[in-house]
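Chemist: Below is one structure. I have some questions about it.
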Amino acid sequence: MTTSRTSTFSRRSFRAASLALLTGAGIALTPLTASTASAAPAVLTTAPISSVSWNAPSGSWNAHVAVRAALAQQGKPYVYGGTGPGGYDCSGLTYSAYQAAGVQLPRTSRAQSTAGVDIPWYAMQPGDLIFFYDPVGHVGMAIGNGMMVHSSTYGQPVSVVRVDSVPGYHSTRRVA
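Those letters in the sequence shown? Residues -39 to -1, 1 to 137, per mature numbering (1 follows the signal peptide of the UniProt record, and there is no 0), in order.
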């Protein structure tokens, strides 16, 4: 049975968690005031793309560039030891994507797993590196909404998959 107290707590917790996620993503929330005095219907207008701004947290612009660079490689073949442009292995994809963003990473997944700072899985943001197996033997890049881009194995092209579809989660690191 849900009591009034439990229900209020749940709403507050959800509201606080939602607010934390939105503000952590650099989204500003502005309250709207209701008005009943106007009889004219509201008209929605869109801002030109050039006027839209994003207040990114420190360092996240490099992560944004790296995510875009990695996503641009979708469909390219898995090539063991590959760092592009014709094909990639898992760490070659993350290495090249961050190189395009001006961030130097070690070349192998195991070495990359020591770069940056450790992040709990629930705080994962686009651009974070996600490591699998113990010892580390695979890396993908978070792109948001529980998804990642990676180059997994021979015969499989660079692709976007759910993070939880890959077994053996090890850790997450933020490198930019």
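We put the CB at the ideal spot given by N, CA and C, even for glycine.
Please read these numbers as outputs of a predicted model, since none were measured by experiment.
1. Could you tell me which of Ala27, Gly47, Cys51, Pro46 sits nearest to Gln65, measuring between CA atoms?
2. Taking 8 angstroms as the cut-off, decide whether the C-beta atoms of Val119 and Leu54 are in contact.
3. How many angstroms separate the CA atom of Leu92 from the CA atom of Ser132?
4. Compare the C-beta of Leu66 against all C-beta atoms of chain C and say whether one is closer than 8 angstroms.
5. Quick one: using the 10 Å Cβ neighbour count with 16 as the cut-off for buried, is Val78 buried or exposed?
6. Which same chain residues, not among the five before or five after Cys51, have their C-beta less than 8 angstroms away from its C-beta?
7. Taking the alpha-carbon of Tyr83 as reference, which of Tyr94, Asp95, Gly42, Ala103 has the nearest alpha-carbon?
8. Less than 8 angstroms separating the beta-carbons of Pro38 and Gly45?
9. Is it the case that the Cβ atoms of Val121 and Ala76 are separated by a distance below 8 angstroms?
10. Can you find the residues in the same chain that come closer than 7 angstroms, C-beta to C-beta, to Gln73, ignoring five residues on each side of it along the sequence?
11. Nearest by alpha-carbon distance to Ala33: which of Gly129, Gly43, Gly42, Ser57 is it?
12. Taking DSSP's pairing of strands, which residues face Gly45 in a bridge?
13. If you draw a straight line from the alpha carbon of Ala24 to that of Met85, how long is it in whole angstroms?
14. With distances taken from CA atoms, which of Ala61, Val40, Gly42, Ser21 is nearest Ala31?
Modeler: Let me lay it out:
1. Ala27
2. yes
3. Here residue 92 turns out to be Phe, not Leu, going by the sequence shown. The straight-line gap from Cα to Cα measures roughly 5 angstroms.
4. Given the protein chain composition of this structure (a single chain), no chain C is represented.
5. exposed
6. Ser70, His99, Val100, Gly101, His111, Ser112, Ser113
7. Ala103
8. no
9. no
10. Ser52, Thr55, Leu66, Pro67, Leu90, Val100
11. Ser57
12. Answer is none; Gly45 lacks a bridge partner.
13. 12 angstroms
14. Ala61
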